[in-house]
Structures are given as C-alpha cells and as structure tokens.
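Enquirer: Numbering (the working numbering), first residue to last: 1 to 389. The beta carbon of each residue, even a glycine, is placed where N, CA and C say it ideally should be. For clarity, every value in this text was computed on a predicted model and none was experimentally measured.
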Amino acid sequence: MKLSKIFLSTILLMVVNNPVVPKQIDLKNFLAPVVSSNPLPALAAIVFDDQKVIASGAIGVRKFGDPTLVTIEDSFHLGSCTKAMTATLAARIVERGDISWTTTVKEALGLQNVDSALENITLLELMSHTAGMPASLRNQWPNLYETLFYHTNWQKGPKGRAARRMVAQLLFFAPPAQAVGSYKYSNAGFMVAGAMLEAATDTEWEDLMRTELFKPLGMKNCGFGPAARPDKVDQPWPHSLINDKPVLVTREWITRTMHIRAPESWGNPRSLGPAGSVSCTISDWAKFGQLHLGDGGDFISTESMSLLHEVRNPSSRYALGWYSSKPSWAAGGTALTHNGSNLINLAIVRISPTKKKGVMVATNIDDGKAGKIAKILNGVVGQLIQAYF
C-alpha cells in the first residue's frame, strides 16, 4: 500500500513538473472537402488564443493546373486586412510623439491650396473612413490609377511614398468626394494616412511596418505585394472565379479584363500599400491577431488598444482598421472583423478579445462583388468558431 502511494505521488509529481502540452490540431482533414467540393485552388485556416495556436492547416495547390501543393508556410495576400496593421502602426508612432491622432493632413504634409472642407481632416478620420475620401481612385481618376498600377514593381523601384503624397495633394485640392463625417470605405484614405506616417518619421511605410510591427511581433514571414512571382510556383498564385472555375491570373488576363496595361507583377498599385498590400503566412498573421486579443502588452498602451477597437461610426460599426461589433459568438463582448481582397485573393479574420480567441482563413482566389468565394470562406469561419470558441 505504501509503495502504491509512493508510486502515485511520483507520477503526480512528474505530471506537474512535465505538463502535457496540448497537441496543435491539423485542420487538413476539415479543409479537404471544402476545397474538393468548391472552386478553390488552395485554402489555409488557423484558430488561436492569446497564447498559442490551437489548430491550423493548409491544403490545395499553389497554381490551378499545377500539382505543387500549398504548405502551412506559404504566404497569402491579406488585402484590406492590412488596414488594421497600418492603424496599429499609427498607434505606435502616436505614442512615440511623432504625430497625433488629431494631426491634420494639411499640417503633416504641408499641403497648399487645400479645399476648405478638408482643411481640418485628421489622421483619426482617415483611418475611420469618415474623411470624405472617394471610395475608389480608379473611379475618381482612371488615368491616375492606371499610371500607379502600371508603374508598380514589387521587386525593385520606388516603394510608393512619392505617389502617396501626390495622391494626397490631388484629393485635398478637390472638394470632398463624400460628406465629411459620414462613413465611406476608402482605400485612398488609408493611402493618405500612410503618407502622414511617412512624413512624421521620414521613413517609407513598408520600412515602418518591418521595424515597428513585423520585427517586434516576430512576423518573420510577412512582406508586401503578391507572394508569388510570375516565373515560379514557390508561393500561391492568384486566381479569378470565372464561370464557376478558377482562372489563373496572368499579365495578359489583367490587361484583357481590367482594360489597363499590366504591371511587371500582380497586385494593387504599390502606393496602395497602407490600405492593402501585406502578404503573410497564416501563422505569422495570427501573431498580429493575438496582439489584439490582449491589452497591448509591451507593444502599445491599453488606451491605444481601446482606441483602435472603439467604433467611430455607429451605422458602419467601423473602428480604426477593424469592424467592431457584438455578435452572439463573442459572448456579448466586442468582436473585431475584416475581409481583405485584391479581387484575386481573399482573406478573412474574426477575433473575440472577450473569449481570447481568433480565426483566420485565406485563399488564392476571389470573385469580387459576386461574393461566392466570400460565402464559402465565411462558412468555414462559422464552423471553426462553432467548434473552437
């Protein structure tokens, strides 16, 4: 009896001193039927809490018609999910004292001949889509957009700072495209916000992201623009859904469908970066999500984190780089959400700071406003929330 007690005590001591680490769940078996029964070349997903990855997986092919498989280490284009990163970067720079949320565009960029209705537009208003900016540069100035698009080169050349300043000057010389104070989602607004951060620090936005966000958060596998290159199949290639089938996006396809000259590589104009150009492995993207499950830690103050999550426009529920709402799956607390697309890739994030859990999914195809791909991915997100939250 005494030996049994000693043995049991020893086992209990071993368990305490060597706790069993829960094994990360592989989501491949869950994702496989989603890919096989839908027009998705590839699909990646991750579920995490504020301390660890709970489940993750990636399945499918990098390029439709090519057998090369995706891996969990592949990078996916995050589109407008970049906006939350740019807003978080801004919080860091504000705390450093280089700029404030109430700094005006006119002050930051030293603009002349600013339209009277836009003289007092601030960094905060730009990042909450209430600054009167146009919904689309392409609709506002087609020739300007084509110029920005064609001169994009993600391998070399200008990173976009001069182009962003030029866009700011054009936008603020003209009357507002929307009523100032009302919500209108605008990539152009985030371009101008990026220009303000660049002026305040005398540093390109891409370089700021690397030093102030990616490096401190350990996001080693994040970059800008399309992860894939037209001459290799080393990362997921972009696709468009046409007639319910994935169609590989090439330079010829861009020229034919968008009626503008294609750049040397795919993706949005490089100058659009602060609004939507980050590419990441889904595991590194989750590190950013984990930051927003907490109070800011050593990265930013609790006050700054609260500010980023605070709704600025009740009708839209937009905060700063996030949509902020209170759905049932968030246990009555705030949920932070966003979709990101460049029309040929799609990414979705849903996190609950109250439950300390988040889910992210990404694919290398999209169909724009048609919404079929978004519906598929939202279904995946819903199932993962139901299973793990």
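1. Thr-130: which of Met-85, Ala-374 and Ala-179 sits nearest, CA to CA?
2. Taking 7 Å as the cut-off, is the beta-carbon of Ala-32 closer than that to any non-hydrogen atom of the ligand MN?
3. Please report the distance separating the alpha-carbon of Ser-390 from that of Val-105.
4. In the DSSP assignment, the alpha helix (DSSP H) including Ile-282 goes from what residue to what residue?
5. Any idea if Gln-386 is buried or exposed, counting beta-carbon neighbours within 10 angstroms, 16 or more meaning buried?
6. What residues in its chain sit with their C-beta under 6 Å from that of Glu-310, if we drop five residues either side in the sequence?
7. Within a Cβ cutoff of 6 Å, which residues of the same chain sit near Gly-294, ignoring the five residues on either side of it in sequence?
8. Could you check where the beta strand (DSSP E) with Lys-339 kicks off and where it finishes?
9. Where do the ends of the alpha helix (DSSP H) carrying Arg-96 lie?
10. Return the CA-CA distance between Leu-109 and Asn-364, expressed in angstroms with no decimal places.
11. Sorted by chain position, which residues of the same chain lie with C-beta nearer than 6 Å to Ala-335's C-beta, five sequence neighbours on each side aside?
12. Mind checking which residues open and close the beta strand (DSSP E) that includes Thr-363?
13. What are the boundary residues of the beta strand (DSSP E) that Lys-369 is part of?
14. Return helix, strand or coil for Asn-38, following the three-state DSSP convention.
15. Hey, how far is the Cα of Val-20 from the Cα of Ile-54?
16. Helix, strand or coil for Ile-54 per DSSP?
17. Can you give me the C-alpha to C-alpha distance between Ala-275 and Ser-80, rounded to a whole angstrom?
18. Quick one: using the 10 Å Cβ neighbour count with 16 as the cut-off for buried, is Ser-283 buried or exposed?
19. Any chance you could list the alpha helix (DSSP H) runs of at least 4 consecutive residues sitting entirely within the stretch 145-216, in chain order?
20. Note down, in chain order, each residue of its chain lying with its Cβ closer than 6 Å to the Cβ of Leu-12, except the 5 sequence neighbours on either side.
21. Could you check if Asp-366 is buried or exposed, using at least 16 other CB atoms within 10 Å of its CB as the buried criterion?
22. Which residue comes first and which comes last in the beta strand (DSSP E) that contains His-129?
23. Which residues does DSSP list as the beta-bridge partners of Ser-324?
24. For Val-70 and Val-249, I'd like the C-alpha separation in whole angstroms.
25. In whole angstroms, give me the CA-to-CA distance for Glu-303 and Leu-89.
26. Using 8 Å as the threshold, is the C-beta distance between Gly-57 and Ala-42 below it?
27. Since Pro-269 sits in a beta bridge, which residues does DSSP pair it with?
28. Determine the extent of the beta strand (DSSP E) in which Ala-347 is found, giving its start and end residues.
29. Under 8 Å by Cβ, that's how I've got Leu-123 and Thr-103 pegged, so tell me the actual separation to the nearest angstrom.
30. Can you give me the Cβ contacts of Met-219 inside the same chain, cut-off strictly under 8 Å, excluding the 5 residues immediately before and after it?
31. Under a three-way DSSP split, which group does Gly-297 fall into?
32. In this structure, how does DSSP classify Lys-106 when only helix, strand and coil are distinguished?
33. Classify Pro-176 as buried or exposed, calling it buried when 16 or more other Cβ atoms lie within 10 Å of its own Cβ.
34. Which value, in whole angstroms, describes the spacing of the CA atoms of Pro-33 and Asp-66?
35. If you reduce the DSSP assignment to three classes, tell me which class Asp-302 lands in.
Expert: This is what the structure holds:
1. Nearest option by C-alpha distance: Ala-179.
2. Of the ligands one can find in the structure shown there are none, so the ligand MN has no counterpart to examine.
3. Outside the modelled stretch of the chain, which goes from 1 to 389, sits residue 390, for which no answer is possible.
4. Per DSSP, the continuous alpha helix (DSSP H) segment holding Ile-282 begins and ends at 282-291.
5. Taking a 10 Å sphere around the C-beta of Gln-386, we find fewer than 16 other C-beta atoms and assign the residue as exposed.
6. For Glu-310, where only same-chain residues beyond five positions count, the Cβ hits under 6 Å are Ala-319.
7. Excluding residues within five positions, the ones whose Cβ falls inside 6 Å are Asp-50.
8. The residue you asked about is not Lys; residue 339 is Asn in the sequence shown. Looking at the DSSP string, the run of the beta strand (DSSP E) that includes Asn-339 is 335-341.
9. Following the DSSP letters along the chain, one finds Arg-96 inside the alpha helix (DSSP H) bounded by residues 82-96.
10. The straight-line gap separating the alpha-carbon atoms of Leu-109 and Asn-364 is approximately 36 Å.
11. Excluding positions up to five away in sequence, the list reads Ser-325, Pro-327 and Ser-352.
12. Counting along the chain, the beta strand (DSSP E) containing Thr-363 begins and ends at 357-363.
13. From DSSP, Lys-369 is part of no beta strand (DSSP E); its letter is neither H nor E.
14. Of the three classes helix, strand and coil, the one that applies to Asn-38 here is coil, per DSSP.
15. Residue confidence for Val-20 is low, a pLDDT of 43 falling below 50, so the modelled location carries little weight and cannot support an answer.
16. Ile-54: strand per DSSP, three-state reduction.
17. Cα-Cα distance, rounded: 6 Å.
18. Ser-283 comes out buried.
19. Complete alpha helix (DSSP H) runs here, min 4: 161-173, 187-201 and 205-209.
20. Low per-residue confidence applies at Leu-12: pLDDT is 33, beneath 50, and the placement is therefore not dependable, though the value from the model is reported in the following sentence. Sequence-distant Cβ neighbours of Leu-12 in its own chain, meaning closer than 6 Å and more than five residues away, do not exist here.
21. Classification for Asp-366: buried.
22. Boundaries for His-129: no beta strand (DSSP E) harbours it, and the DSSP string shows neither H nor E there.
23. Beta-bridge pairing links Ser-324 to Leu-336.
24. Distance between Val-70 and Val-249, taken at the CA atoms: about 17 Å.
25. C-alpha separation (whole angstroms): 15 Å.
26. In this structure, Gly-57 keeps its C-beta atom at 8 Å or more from the C-beta atom of Ala-42.
27. Beta bridge pairing from DSSP links Pro-269 with no other residue.
28. 346-352 is the span of the beta strand (DSSP E), which, as asked, contains Ala-347.
29. At roughly 5 Å, the Cβ-Cβ gap stays under 8 Å, so Leu-123 and Thr-103 are in contact.
30. Take Met-219, set aside five residues on each side of it, and the residues of its chain with a beta-carbon closer than 8 Å to its own are Leu-213, Cys-280, Asp-284, Trp-285, Lys-287 and Phe-288, in chain order.
31. Correct three-state label for Gly-297: coil.
32. Helix at Lys-106.
33. Pro-176 is buried by the Cβ-count criterion.
34. Going by the C-alpha atoms only, they are around 19 Å apart.
35. A quick correction: the sequence has Thr, not Asp, at residue 302. In the three-state scheme derived from DSSP, where H, G and I count as helix and E and B as strand, Thr-302 is classed as helix.
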